[in-house]
Amino acid sequence: GKMGVNKQAQRGLFESITGMDDSGLWDSFRGIVDAVGQTTKSIRALKLLPSLSAAETEAVQEYREQLSNADLALDVMCLVVEGLDSAMQDYLYMQVGNTRSVNA
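Now the structure itself:
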């Protein structure tokens, strides 16, 4: 079932990232989610306008793509964290071997 897939995904990710610096992976996840947060207010304001210029329409489309990317990134994170085993939980908390921690 789904829990078995999560455990398999966690095991594969854990084996891939332990012992190496994977700071960039976590920076990428944060960047994807932050991009949505940084543009939400301006896109909401654009949606209130009666019509949009070509540039504004493009900005709305880019925002939709950012939302889609964030949705996919969060789906991946769900696979990583649901039903955590202790080794993966410890790794995510401490991120041993990384030059920097997203938890710091």
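At position 21 of the sequence shown the residue is numbered 36 (the working numbering), and the sequence of numbers has no breaks.
Don't be surprised by glycine CBs; every beta carbon is placed ideally from N, CA and C.
Query - Euclidean distance between Cα positions of Asp42 and Tyr108 - result: If you number the sequence shown from 1, residue 42 lands on position 27. If you number the sequence shown from 1, residue 108 lands on position 93. Between Asp42 and Tyr108, the C-alpha separation is close to 15 Å.
Query raised in the report: Tell me which same chain residues have a C-beta within less than 6 Å of the C-beta of Ala50, skipping the five on either side of it?
Result: By one-based count along the sequence shown, residue 50 stands at place 35. Sequence-distant Cβ neighbours of Ala50 in its own chain, meaning closer than 6 Å and more than five residues away, are Gln81.
Query raised in the report: alpha helix (DSSP H) containing Asp86: first to last residue?
Result: Indexing the sequence shown from 1 puts residue 86 at position 71. Unbroken alpha helix (DSSP H) run through Asp86: 69 to 96.
Query raised in the report: Relative to the alpha-carbon of Ala85, which residue among Asp105, Glu73, Leu94, Gly46 has its alpha-carbon at the smallest distance?
Result: Position 70 of the sequence shown, counted from the start, is the residue given in the question as residue 85. Ranking the options by Cα distance to Ala85, first place goes to Gly46.
Query raised in the report: Does the separation of the CB atoms of Glu71 and Leu61 fall below 8 Å?
Result: Taking the sequence shown and counting its residues from 1, the one referred to as residue 71 is at position 56. Taking the sequence shown and counting its residues from 1, the one referred to as residue 61 is at position 46. At a Cβ-Cβ threshold of 8 Å, Glu71 and Leu61 count as neighbours.
Report task. Quick one: using the 10 Å Cβ neighbour count with 16 as the cut-off for buried, is Gln76 buried or exposed? Result -> Counted from its first residue, the sequence shown places residue 76 at position 61. Counting Cβ neighbours within 10 Å, Gln76 comes out exposed, since fewer than 16 surround it.
Requested in this report: Could you give the DSSP three-state label for Thr33: helix, strand or coil?
Outcome: Start at 1 with the first residue of the sequence shown, and residue 33 comes out as number 18. In the structure shown, the three-state DSSP call for Thr33 is coil.
Query raised in the report: Which of helix, strand or coil does DSSP assign to Asp105?
Result: Numbered from 1 along the sequence shown, position 90 holds the residue referred to as residue 105. DSSP places Asp105 in helix when its eight states are reduced to three.
Query raised in the report: Quick one: what does DSSP say Val51 is sitting in, helix, strand or coil?
Result: One-based indexing of the sequence shown puts residue 51 at position 36. Val51: helix per DSSP, three-state reduction.
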